[in-house]
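What follows is a single structure, written as structure tokens, with notes after it.
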Amino acid sequence: MYFINRMKILKEVNMIDLRVNAQGRAHNIQRAKEQKIIIPTISQMKDPRTIPDKILDQLKSVGLWDVNPLNLFRITWKNEPKESGGLFGAPNYIVLPSELT
């Protein structure tokens with residue numbers, strides 16, 4: 068009953084349910100192991116300087132839009148927007164024209 072009420076409340080106030088799905092997480096961990104996918108840590112995503120050199124060297128040969136699990140290490144505000152071989156630079160941003168702001 069608690070679960071049903073909780074879901075109803077979440078839908079009514081348009082909130083995201085942030086509970087961990089243990090079964091889904093276990094499945095994803097197993098799948099990543101089978102496919103030899105290395106998933107970056109939150110720490111590595113916050114500070115790309117903590118990514119091991121071995122991964123950085125491999126990332127240099129991966130294109131920005133390539134479907135390659137190494138691109139998971141580019142999920143950061145500091146990815147270098149180069150078509151190929153980019154690593155990390157200043158935080159990404161866009162300038163909105165005054166007509167939009």
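Residue numbering for the sequence shown follows the working numbering, beginning at 68 and increasing consecutively.
We put the beta carbon where it would ideally sit given N, CA and C, even for glycine.
- Residue range Asp120 to Leu126 is occupied by the alpha helix (DSSP H) that includes Gln125.
- For a cut-off of 8 Å, the C-beta gap from Leu154 to Pro107 is around 13 Å, too long to register as a contact.
- By the Cβ rule, the region 114 to 133 does not count as touching the region 90 to 100, because fewer than three pairs are nearer than 8 Å.
- With a cutoff of 7 Å on beta-carbon distance, Pro136 and Ile104 are scored as near each other.
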